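Residue numbers (my numbering): 3 to 163.
By construction, the Cβ of each residue, glycine as well, lies at the ideal position given by its N, Cα and C atoms.
Keep in mind that this is a model prediction, so the values were computed, not measured.
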């Protein structure tokens, strides 16, 4: 039996290719709000997020944190996350949608193009089961997706000791 040969130069090219080379389609589906509700989770805020939300709500940082945030214990430090309602909906989710949409945190702005979802095609397909907007609407190019992923780097969450 003859084994198939696969030159190293071709293997490198295959490994360098990503599953979204030709882009991915996504649009928010009106009335869905699944990514903002239903399950417990964290929306960690960066300083930039906090400043944008404070400007939008006309609140100072400490008042905003006391009113709309919780400190999540991470062991030797805590991180600032938005509160959830008892049913796990985001504190800013209303029947009309996000009440701070124009100022929403980067985590919300970049969904579903999160590193954990973009890790591989299987992760993207798994997210598709929860998000009816994946596979529909605008096709984001690889360049656009890479830029969204890059934006997530350097947006360090607020840490409190």
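**Request:** Using the DSSP secondary-structure output, state which residues sit across from residue 86 in a beta bridge.
**Result:** 92
**Asked** For residue 46, which beta-bridge partners are listed by DSSP?
**Response** 83
**Request:** Starting from the Cα of residue 38, find the closest Cα among 24, 103, 82 and 57 and give me that residue.
**Result:** 103
**Message:** Buried or exposed, going by whether 16 or more other CB atoms sit within 10 Å of the CB of residue 141?
**Reply:** exposed
**Request:** Give the C-beta separation of residue 53 and residue 112 to the nearest angstrom, bearing in mind that I take them to be a contact with Cβ-Cβ under 8 Å.
**Result:** Contact doesn't hold; Cβ gap of about 18 Å is too wide.
**Asked** For the alpha helix (DSSP H) that residue 119 lies in, which residues bound it at each end?
**Response** 117–120
**Asked** By how many angstroms is the C-alpha of residue 88 removed from the C-alpha of residue 42?
**Response** 10 Å
**Prompt:** residue 95 and residue 47: beta carbons closer than 8 Å?
**Reply:** no
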